[in-house]
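Quick note: the first sequence uses our numbering, first residue 38, plus one each step. What follows is a short report on a single structure.
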Amino acid sequence: MVARDLLGAVMISYLAGETVAGHIVETEAYLGYDDPASHAWRGRRHRGNEGIYSPPGSWYVYLSYGMHCCANLVCGPTGLGAAVLVRGLVPLEGVEIMRRRRAARKFRHPERLEGGPGRDAALTDGPGKLSQALGITRELDRQPMPASPVVVVEGFGVTDDELRITPRIGITKAADLPLRFLLASRLRHRVA
DNA sequence: GCGCCGATTGGCT
DNA sequence: GCCAATCGGCGCC
């Protein structure tokens, strides 16, 4: 199960000439063709979702709610449309850079910076937020991960003990399937 | 062509 | 806890 394997891994971005990294602590699996919640449901195709059909190991980055980018790793056989959404990181390196990038796009009160003592996790605790902190845009869509400016490398091991599996959140279709994976040791406010 | 909705986030009641 | 921001896709006329 790839979504589970990504937990504890380190996601590193070299975008815009700056290095930022974080531990992956939350993922969700989208199964592709047979999954009503997947962008690849029943083989749907349009300009925005072509990336989900790229070869396993490619990035699929889509625009959410017209303003946020969300990063997925394609993981199934080519053409199936299976992918794992990275929903949460814990910042590891480049916190100052993440803070600057996040502040840059806060529309009303950009002066309210995230980060600071015990607040760094707020920089990357959602799929849109972590994409912003890492500098991820649709440019990354369809790129093979290992050769791209954003890579995932082995991190710490995850024991069954700290693994939590819950239904996916923020969706309406197939919302009952237990396909959300997270680390109990890094629980944040959203956790059900 | 038109209106509604979403794998989100931030701000304010 | 509710709602606006913002836009591409989709259903329907």
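All residues carry an ideal CB built from backbone N, CA and C; glycine is no exception. Nothing here was measured: the structure is a model prediction, and the numbers come from that model.
Checking 8 Å against the spacing of the C-beta atoms, do residue i and residue j come in under that value?
i	j	result
Ile49	Val188	yes
Leu200	Thr161	no
Ser95	Met182	yes
Thr56	Gly131	yes
Val121	Leu43	yes
Leu220	Val62	yes
Cys106	Ser168	yes
Val47	Gly192	yes
Lys143	Arg149	yes
Tyr70	Gly80	yes
What does a CB cutoff of less than 7 Å around residue i pick up in its chain, not counting 5 residues either side in sequence?
i	result
Asp72	Trp78 and Ala211
Asp213	Pro204
Measuring alpha carbon to alpha carbon, tell me which of the options ends up nearest residue i.
i	options	result
Val190	Leu52, Glu176, Ala58 and Thr203	Ala58
Ser101	Ala141, Thr174, His146 and Leu68	Thr174
Thr209	His76, His105 and Cys107	His76
Pro93	Pro114, Thr56 and Asn109	Pro114
Pro154	Tyr70, Gly45, Glu133 and Asp178	Glu133
Asp178	Leu110, Ala159 and Ala170	Leu110
Ala170	Ile206, Leu129, Gln180 and Ser222	Leu129
Gly88	Gly45, Leu214 and Glu176	Glu176
Arg205	Ala40, Asp198 and Pro215	Pro215
Asp197	Asp213, Arg84 and Ser222	Ser222
Around the Cβ of residue i, are there at least 16 other Cβ atoms within 10 angstroms (buried) or fewer (exposed)?
i	result
Ala184	exposed
Ala66	buried
Arg82	exposed
Gly118	buried
His60	buried
Arg124	buried
Arg145	exposed
Pro147	exposed
Arg217	buried
Ala141	exposed
Met135	buried
Thr103	The residue asked about is misnamed: residue 103 is Gly in this sequence, not Thr. Result: exposed.
Arg139	buried
Gly85	exposed
Counting only the same chain and skipping the five closest in sequence on each side, list residues whose C-beta sits under 6 Å from that of residue i.
i	result
Leu52	Gly172 and Pro186
Ala159	Glu151
Lys166	none
Ala74	Ile208, Lys210 and Ala211
Val39	Cys112 and Val121
Gln180	Trp96
Arg41	Phe218
| Whole runs of the beta strand (DSSP E) within the region 95-138, excluding any shorter than 3 residues | 96-101, 105-111 and 120-130
| query | Taking the runs of the beta strand (DSSP E) that are 3 residues or longer, which of them lie wholly in the region 168-200? | reply | 187-190
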